[in-house]
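Q: By the working numbering, the letter at position 206 of the sequence shown is numbered 224, and the numbering carries on one by one without gaps.
For every residue, glycine included, the Cβ atom is placed at its ideal position computed from N, Cα and C.
These numbers were taken from a predicted model, which means no experiment stands behind them.
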Amino acid sequence: MNQAFAGTEILSRTGTETVTRPIDYIAIALFSMIVLVALIGVPVFGFTYGYTGFDWILFGILYVVTGLGITVGYHRMISHRSFTCPDAVKVALLIAGGWAFQNSALKWSADHVRHHAKVDQEEDPYNAKKGFWYSHCGWLLLKDPYADDKYTAQFKKDTLVVWQEKYYAPILISGFALPFLAGLFHGGWMSGLGCFLLAGVGRAFLVLNSTFCINSICHMWGDQPNGTDNSSRDSWWISLITFGEGYHNYHHAYPKDYRNGPKWYNFDPSKWLIFGLRTVGLAGNLYRVCPKTK
Ligand SMILES: [Zn+2]
Ligand SMILES: [Zn+2]
Numbered sequence: 019m020n021q022a023f024a025g026t027e028i029l030s031r032t033g034t035e036t037v038t039r040p041i042d043y044i045a046i047a048l049f050s051m052i053v054l055v056a057l058i059g060v061p062v063f064g065f066t067y068g069y070t071g072f073d074w075i076l077f078g079i080l081y082v083v084t085g086l087g088i089t090v091g092y093h094r095m096i097s098h099r100s101f102t103c104p105d106a107v108k109v110a111l112l113i114a115g116g117w118a119f120q121n122s123a124l125k126w127s128a129d130h131v132r133h134h135a136k137v138d139q140e141e142d143p144y145n146a147k148k149g150f151w152y153s154h155c156g157w158l159l160l161k162d163p164y165a166d167d168k169y170t171a172q173f174k175k176d177t178l179v180v181w182q183e184k185y186y187a188p189i190l191i192s193g194f195a196l197p198f199l200a201g202l203f204h205g206g207w208m209s210g211l212g213c214f215l216l217a218g219v220g221r222a223f224l225v226l227n228s229t230f231c232i233n234s235i236c237h238m239w240g241d242q243p244n245g246t247d248n249s250s251r252d253s254w255w256i257s258l259i260t261f262g263e264g265y266h267n268y269h270h271a272y273p274k275d276y277r278n279g280p281k282w283y284n285f286d287p288s289k290w291l292i293f294g295l296r297t298v299g300l301a302g303n304l305y306r307v308c309p310k311t312k
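1) Compute the distance between the beta-carbons of residue 144 and residue 234, then report whether it is under 9 Å.
2) Any chance the stretch 154-163 sits against the stretch 181-189, with 3 or more Cβ pairs inside 8 Å?
3) State the DSSP-derived secondary structure class of residue 105, mapped to helix, strand or coil.
4) Since residue 76 contacts residue 213 with CB under 8 Å, what's their CB separation in whole angstroms?
5) Mapping the DSSP letters down to three states, classify residue 73 as helix, strand or coil.
6) Measuring from the CB of residue 154, is there a heavy atom of ligand 1 at a distance below 8 Å?
7) Assuming residue 200 is part of the alpha helix (DSSP H), what are its boundary residues?
8) With DSSP as the reference, please indicate the residues paired to residue 160 in a beta bridge.
9) Note the first and the last residue of the continuous alpha helix (DSSP H) segment covering residue 287.
10) What residues come near ligand 2, if near means a beta carbon less than 6 Å from any of its heavy atoms?
11) In angstroms, rounded to a whole number, what distance separates the CA positions of residue 118 and residue 132?
12) Which ranges does the alpha helix (DSSP H) cover as unbroken runs of at least 4 residues, wholly within the stretch 238-265, from first to last along the chain?
13) Could you check whether the Cβ of residue 74 sits closer than 8 Å to any heavy atom belonging to ligand 4?
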């Protein structure tokens with residue numbers, strides 16, 4: 019069989035063992051679909067029929083809600099347990115993260131803690147040493163031989179994470195159905211299609227890429243004020259589109275800190291939301307490395 023179709027062969031970090039990463043055709047099909055619709059369908063509809071203010075408002079709301087679902091929910095709440103919150107808030111964040119089309123919290127968090135544990139090594143799921151496109155999105159298209167239950171075990175103890183895993187498919191579908199239905203009731207079928215394209219697929223594509231930028235750009239370009247023992251970088255400008263996750267060098271140094279941008283002036287809306295939730299009694303046990311850095 020042609021090597022390209024048999025999978026990508028790479029040498030392990032020790033150089034003594036060959037590890038095969040077969041191509042994941044389902045992932046390629048899903049990823050191609052969202053890329054094609056986002057890059058062709060969304061602009062063609064825009065030039066042909068145009069998007070309304072309603073479409074753009076829904077796009078903005080869902081970009082913020084699903085983006086924070088990933089950064090505050092999947093990342094800081096589940097993966098790093100940077101704070102605690104009541105079940106209702108946790109469910110809301112798990113649903114918002116599920117709408118982002120980035121897999122279940124269980125899978126996402128297991129990959130993410132492995133990234134921290136094995137950063138820049140062969141077992142790192144989005145190893146930046148393999149180049150920009152691999153760490154940005156190429157890793158998604160190959161099966162991962164290092165997925166190990168030891169990384170999922172801690173999350174399987176969380177009943178709400180297990181609940182979200184069980185109902186991930188309907189949660190994910192509802193993230194695309196809701197903008198369609200909102201548009202449908204607001205202005206009919208074409209409005210439903212416009213909302214689905216812009217606030218559903220276009221929004222999911224942009225949130226996906228904002229997350230991808232952390233794994234690619236924030237491991238290649240930027241400052242390293244908190245250590246050079248791994249490739250993580252602080253990129254303040256990436257924080258502008260990722261709700262504060264651009265301070266990635268600080269985050270690798272202090273992963274459990276509920277802040278990624280520790281200084282008060284760092285643009286980190288995720289820490290502001292967590293702090294705001296605590297202010298109104300909806301979050302607690304905010305973990306901070308050093309109180310003086312706030
Ligand atoms: Zn990283
Ligand atoms: Zn992290």
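A: Here's the rundown:
1) Result yes, Cβ atoms of residue 144 and residue 234 sit closer than 9 Å.
2) Short answer: they don't touch.
3) In this structure, residue 105 counts as helix in the three-state DSSP scheme.
4) With 8 Å as the limit, residue 76 and residue 213 qualify as a contact, their Cβ atoms being about 6 Å apart.
5) Secondary structure of residue 73 (DSSP, three-state): helix.
6) Answer for residue 154: no, Cβ out of range of ligand 1.
7) That run of the alpha helix (DSSP H) goes 186-205.
8) Looking at the DSSP assignment, residue 160 forms a beta bridge with 41.
9) For residue 287, the enclosing alpha helix (DSSP H) starts and ends at 287-297.
10) The set of residues with any CB-heavy atom separation to ligand 2 below 6 Å comprises, in chain order, 93, 97, 98, 130, 134, 269 and 273.
11) Computed Cα separation, rounded: 21 Å.
12) The stretch 238-265 contains these whole alpha helix (DSSP H) runs: 254-260.
13) As far as ligands go, the structure on display features ligand 1 and ligand 2 and does not contain ligand 4.
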